[in-house]
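*Asks:* Numbering that gives the first Met the number 0 applies: residue 0 is where the sequence shown begins, and numbers increase by one. The beta-carbon is built from N, C-alpha and C at its ideal position, and this holds for glycine as well. Small disclaimer: the values here were computed from a predicted structure and weren't measured.
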Amino acid sequence: MTQKELNHLIFLTEVILSGKKKNLMQETLQCLLYIVKSLEDVELPDSVVQQIERLTADIEADLRGENERMQEIRSHLDWRQAGRR
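1) Across the stretch 25-34 and the stretch 4-13, are there enough close Cβ pairs to call them in contact, namely three or more that are closer than 8 Å?
2) For Asp61, I'd like the list of residues in its chain whose CB is within less than 8 Å of its CB, leaving aside the five on either flank, ordered along the chain.
3) May I have the straight-line CA-CA distance separating Leu8 from Lys21, to the nearest angstrom?
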């Protein structure tokens with residue numbers, strides 16, 4: 000990919016994020032995932048690394064919370080089904 004193509008993808012990503020175009024998020028993430036997977040090592044400024052670490056922590060916390068809620072719901076449903084027998 001050329002720098003021009005990468006810049007265009009960055010532009011599109013920013014438009015999608017700022018416009019909250021959720022219907023295009025999956026395609027955008029897929030493109031970015033392909034790029035990231037193709038890289039072995041990336042040098043980034045410390046400020047960017049800190050921002051990525053913060054976002055990663057937010058994502059992990061959100062997924063953990065969602066997983067805990069799902070386990071709670073399943074447990075409650077299992078308890079109610081056992082009580083009906």
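*Replies:* Quick look at the numbers:
1) yes
2) none
3) 16 Å
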